[in-house]
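Engineer: The sequence shown runs 1473 to 2337 under our numbering.
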Amino acid sequence: MTRAAAPGVEGAIRDAAAEPSETGFDARRYARFPTQGGRPAGEFEALQKVWETPTGWRALSAVNNNFIGFLFIATAFGFFIAAGVLSLVMRVQLAAPLAAVVPQETYNQLFTMHGSVMMFLFAVPAVEAVAVLLLPQMLAARDLPFPRLSAYSYWAYAIGGVVFFGSIFFSLAPSSGWFMYPPLSSGVYAKGINADFWLLGIGFIEISAIAGAIELIVGVLRTRAPGMTLAKMPVYAWAILIFGVMIILAFPAMIMVTFLLELERAFNWPLFDATRGGDPLLYQHLFWFFGHPDVYIIFIPASAMVSTMVVTVAQKKLVGHELVVLAMIATGFISFGVWAHHMFTVGLPGLSAGYFSAASMAVAIPAGAQVFAWICTLASGNVQRNVPSLFLVGGILIFVMGGLTGVMVGMVAFDGQAHDTYFVVAHFHYVLIGGMLFPLFAGFYYWTPMINGRQLSERLGRWVFWLSFIGVHVCFLPMHLSGLMGMPRRVNTYLPDRAWDLPNIVSTVGAFTMAAGALLFLIDAIRCYARSGSGGEARNVFGGGTLEWLSAGNYGVRSIPVVNDLEPLWTDPGLADDVEAGRYFLPNTATGERETLITSPSRAEPQYVQIMPGPSWWPLLSALFTAGFFLLLTVKAMALSAVCGVLTVFCLMRWVWGNDRHIAQQQVDAGGGILLPTYVAGPTSHGWWAAVLLDIVLGMIFLMAMFAYLYLYGAHPDWWRLEAPRGALLPGLLLLGAAAGLAYAARPLMAKLRRGSGASAVAMALSMACLAAALGVDLRDWWDAGLRGDASGQGAAIYAMLAWHGSVVAAVVLSAVYYVLRWMRGLAPGPANKTLEALRLLFIYAALEGAAGLLLPRLLPWGGA
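#1: Three or more C-beta pairs under 8 angstroms: does that hold for the segment 1985-1996 against the segment 1939-1947?
#2: Which residues bound the alpha helix (DSSP H) around residue 2266?
#3: Which parts of the segment 1819-1853 are runs of the beta strand (DSSP E), unbroken and 3 residues or longer, counting only runs that do not cross its ends?
#4: Could you say which of 1923, 1836, 1705 and 1681 lies nearest to residue 1721 if we only look at CA atoms?
#5: Using beta-carbon positions only, say whether residue 2157 and residue 1620 come within less than 7 angstroms of one another.
#6: Could you tell me whether the segment 2294-2307 touches the segment 2218-2229, using the rule of 3 or more Cβ pairs below 8 angstroms?
#7: Given residue 1556, which residues of its chain have a CB within under 7 angstroms of its CB, disregarding the five upstream and five downstream residues?
#8: Using 7 angstroms as the threshold, is the C-beta distance between residue 1607 and residue 1712 below it?
#9: Would the segment 1580-1587 and the segment 1635-1646 be scored as touching if the rule is three or more Cβ pairs under 8 angstroms?
#10: What residue range is occupied by the uninterrupted alpha helix (DSSP H) comprising residue 1672?
#11: Under a three-way DSSP split, which group does residue 1863 fall into?
#12: Does residue 2246 pass the burial test, meaning 16 or more other C-beta atoms within 10 Å, or should it be called exposed?
#13: Pull up the distance between the alpha-carbon of residue 1497 and that of residue 1655, whole angstroms please.
#14: Looking only at its chain, what residues have a beta carbon closer than 7 angstroms to the beta carbon of residue 1961, apart from the 5 residues adjacent to it on each side?
#15: Runs of 4 residues minimum, wholly inside the segment 2182-2230: which ones carry the alpha helix (DSSP H) assignment?
#16: Buried or exposed for residue 1657, going by 16 or more other Cβ atoms inside 10 Å?
#17: Quick check: what's the CA-CA separation for residue 2007 versus residue 2110?
#18: Comparing alpha-carbon positions, which option in 2200, 2227 and 2146 lies nearest residue 2341?
#19: Buried or exposed: where does residue 1823 fall if 16 or more other Cβ atoms within 10 Å of its Cβ makes it buried?
#20: Who pairs with residue 2140 in a beta bridge, going by DSSP?
#21: My output table needs one value for residue 1974: the three-state DSSP class, helix, strand or coil.
#22: Put residue 2078 into one of helix, strand or coil per three-state DSSP.
#23: Just to check, is the beta-carbon of residue 2179 closer than 6 angstroms to a non-hydrogen atom of the ligand MG?
#24: Going by C-alpha distance, which of 1996, 1533 and 2281 is nearest residue 1934?
#25: Check each candidate in 1516, 2264, 2255 and 2281 and name the one with the smallest Cα separation from residue 2239.
#26: May I ask you to list the residues that DSSP assigns as paired with residue 2067?
#27: Candidates 1776, 2124, 1816 and 1739: which alpha carbon is nearest residue 1799's?
#28: Please classify residue 1504 as buried or exposed, where buried requires at least 16 other C-beta atoms within 10 Å of its C-beta.
#29: Looking only at its chain, what residues have a beta carbon closer than 7 angstroms to the beta carbon of residue 1661, apart from the 5 residues adjacent to it on each side?
#30: In this structure, does DSSP put residue 1960 in helix, strand or coil?
#31: Can you tell me whether residue 1581 is buried or exposed, with buried defined as 16 or more other CB within 10 angstroms of its CB?
#32: Can the beta-carbon of residue 2082 be found less than 7 angstroms from the beta-carbon of residue 2072?
#33: Alpha helix (DSSP H) containing residue 1521: first to last residue?
#34: Let's see if you can read the secondary structure: which residues bound the alpha helix (DSSP H) around residue 1924?
#35: With DSSP as the reference, identify every bridge partner of residue 2025, one or two as the case may be.
#36: Here's the rule I'm using: 16 or more other beta-carbon atoms within 10 Å means buried, otherwise exposed. How should residue 2266 be labelled?
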């Protein structure tokens, strides 16, 4: 309590003074933090009380990132175990030729669910769950900026995932593979509702992932500790930023492709039926535009976990930190140009095949740069011998082996031989296990002391590692051989006397060896986490240098420090004491509620104090009714589905009804006498950033719809027989222009008129009416021209775009109703209103999307009328 001003504070002052301020905030005011003396009595207890997690059954309403993050991780690991059990049944079936452990249809359901659960319910959710738990701690934030959105994302994932996985026990699981290629998944060959469960369930889960990604992007950009500029941001935070951006750019393709296939199945729109102007290759293009970046969406956060842990294991700063960050950015960028290397055997033009082959080679370069950075850091440091280091080194080895075979299948000639064989199965299991699973296990052993103050067993951990490491090679190394010998993927049995017997029985032994390691880990984890008490004596046992080790409770850090280094705990050994003594930002609850600090995107200068929402039942209820809407739609219970849809809308509106409750701006002491506002609107607000990201997601989904239109237009011009009607062009554009103008004018009207809030509500309502009218005019134009969705690929493509735009307009209508209701209750009091800003962006986006959908079909040259 008698130390002088913390070195981190002084360093931040010097660094900030060297460059012009980004926000006008005077960095020298950091010097006003107290240098001696104690904090007011009862301050710390009040902070703890505000951030308390509800107990008993009320815990389901909790929104704390550490509570939700832990549930998220546990649920994802549960799905990993469940999918692993399915794989063991498959391996028993394949252990000998002509085995009949399960019927063929059941086996097809097993491998479909194994792949779907591992990719959609474990891999992406697991790295996202770790980010929900770890990211705020590493940024020294009290929580993510939208904690209730995190809760909704988790509950949507958990409820949807459990129902989706449970379908296998009722023979309702799909059997067309985790990629669901048509025509096998179309209504002709996949009758019943099995495929519908997959399409609606996976689409629902993707929405959950996108919600989490928006939360994480805003968290990285706006909730960093003061002084944590982009140059001083941990490599893990960089990875989560890249991860989130990739999700909002790639996952819309998956949402659109499942939407299109469900339209074909439900309404007989021939989007993928080549006999009526559709094309099954369109599905593959859209699916792999999501599918290949998805591999790197999984790998990049896991690789950043490796970069973080390698530093601690070697007790040396990461060699080539800037190079590693650039490598992750390059990996994310290149991954979007590689998708068609999954399609070399479909008859791509030679130029396209050559490009995608070259891109497949190029993406290995940044991944290799990271591997060399890890090796150099380990080689030049003093490596600790512990379980995390074992999993790190073992994971690097396995990942490199998988990467080398990836370069092989990236070559067109070799892929023609290995495609659809067990060689490919071996390749992607090596990549995913080495690039994601082993880093995840290393993270469990490394960060468990941060979570509950106890270590997982080092002795059992070594057994877990060696069983897993040996099991991986025994299971998947022989698959390279059986694949090169011609064994195809996705077969439930094989004939004897093909020399496949030995590699298959060896692979089965390896699978059970891995399962033994997973079971041992599960026992150890239950033993560690089931014990009551905090056990705080085991914190930071590995000597990490990043800020997550300062986390001490639901509130994250006792006070939010000023950061001046990539490894602040190493450069300032007294930082932990200063933080715990409350010598930095927000040492208390300045308003009596939950709060965190919002900083500027680039230089992390304090801008305002965010008052955060606390526990609530509405995210859980919203997720429950959303799941009910989708799942009841699957079983064609239309009336009950509609009821759930209405209840979902009600719960969502009730959830956000309390927004802008602190619009009467006040200045609060954020620490050391520094006064910051508690409410801002516009681009400074973190909510504005989330609204922009949502519009980007909607734009990417519509871009995928436009791609589908253009692809079918170019692939089957002989089916485009109806000339585009132009009657809706002028009135539609006028209506859309009026809609955008009215939405844009809502804020100036509120600012300038005496009864501006009413004028803004009228403007938003009229904007909504113009958008709905423009959609109606466009739809009527095509209908009067004689085009129907089930007539041809042309009609299906047109009406698919109209259907998606219709869903956006429906969201706009609900938003307008919501805003008018708020105005009627006096909750739209001024132009600096975050709700108004977000809705204006949505309305303007909807007008732009409507204009694109109106113009595209009418400006392209057409075939015969």
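No residue lacks a Cβ here, since even glycine has one placed at the ideal position from N, Cα and C.
Structural biologist: By the coordinates alone:
#1: The answer is yes - the segment 1939-1947 touches the segment 1985-1996, with three or more Cβ pairs under 8 angstroms.
#2: For residue 2266, the uninterrupted alpha helix (DSSP H) run begins and ends at 2265-2296, by DSSP.
#3: Uninterrupted beta strand (DSSP E) stretches at least 3 residues long and entirely within the segment 1819-1853 do not occur.
#4: Nearest C-alpha to residue 1721: 1681.
#5: No, the pair does not count as a contact, with Cβ atoms beyond the cut-off.
#6: When Cβ pairs closer than 8 angstroms are counted between the two stretches, the segment 2294-2307 is seen to touch the segment 2218-2229, the count reaching three or more.
#7: The residues are 1987 and 1990.
#8: Cβ atoms of residue 1607 and residue 1712: closer than 7 angstroms.
#9: Of all C-beta pairs linking the segment 1580-1587 to the segment 1635-1646, three or more are shorter than 8 angstroms, placing the two stretches in contact.
#10: Counting along the chain, residue 1672 sits inside the alpha helix (DSSP H) bounded by residues 1666-1694.
#11: DSSP places residue 1863 in helix when its eight states are reduced to three.
#12: The residue is buried, with at least 16 neighbouring Cβ atoms inside 10 Å.
#13: For residue 1497, the predicted structure reports a pLDDT of 49, less than 50, and the residue's modelled location is therefore unreliable. A value from the coordinates is still provided. Answer to the nearest angstrom: the Cα atoms are 60 angstroms apart.
#14: Taken in chain order, the residues that qualify are 1892, 1893, 1894, 1896 and 1897.
#15: Counting only runs of 4 or more, we get 2201-2224.
#16: Under this definition residue 1657 is a buried residue.
#17: Below a pLDDT of 50, predicted positions are generally treated as unreliable, and residue 2007, at 48, falls in that range; no measurement from the model is reported.
#18: Only positions 1473 to 2337 of the chain appear in the structure, and residue 2341 is not among them; the question remains open.
#19: It is exposed - the Cβ of residue 1823 has fewer than 16 other Cβ atoms within 10 Å.
#20: DSSP output for residue 2140 lists 2148 as bridge partner(s).
#21: Helix.
#22: Looking at residue 2078 - three-state DSSP - the assignment turns out to be strand.
#23: Ligands in the displayed structure: none, and consequently the ligand MG is not present.
#24: Relative to the Cα of residue 1934, the nearest Cα in the group 1996, 1533 and 2281 belongs to 1996.
#25: Of 1516, 2264, 2255 and 2281, the residue nearest in Cα terms is 2281.
#26: For residue 2067, the pairing in a beta bridge is given by DSSP as 2083.
#27: Ranked by Cα distance from residue 1799, the first of 1776, 2124, 1816 and 1739 is 1776.
#28: A caution first: residue 1504 carries a pLDDT of 40, below 50, which makes its placement in the model unreliable, though a value can still be read off. Of the residues assessed, residue 1504 falls on the exposed side of the cut-off, its CB having fewer than 16 other CB atoms within 10 angstroms.
#29: Excluding positions up to five away in sequence, the list reads 1655.
#30: DSSP, read as helix, strand or coil, puts residue 1960 in strand.
#31: By the neighbour-count criterion, in which a residue is buried when 16 or more other Cβ atoms sit within 10 angstroms of its Cβ, residue 1581 is buried.
#32: No. Outside cutoff.
#33: Unbroken alpha helix (DSSP H) run through residue 1521: 1515-1522.
#34: Note, residue 1924: alpha helix (DSSP H), 1910-1924.
#35: The bridge partners DSSP lists for residue 2025 are 2028.
#36: Counting every other CB atom within 10 Å of its CB across the protein chains shown gives residue 2266 a total of 16 or more, marking it as buried.
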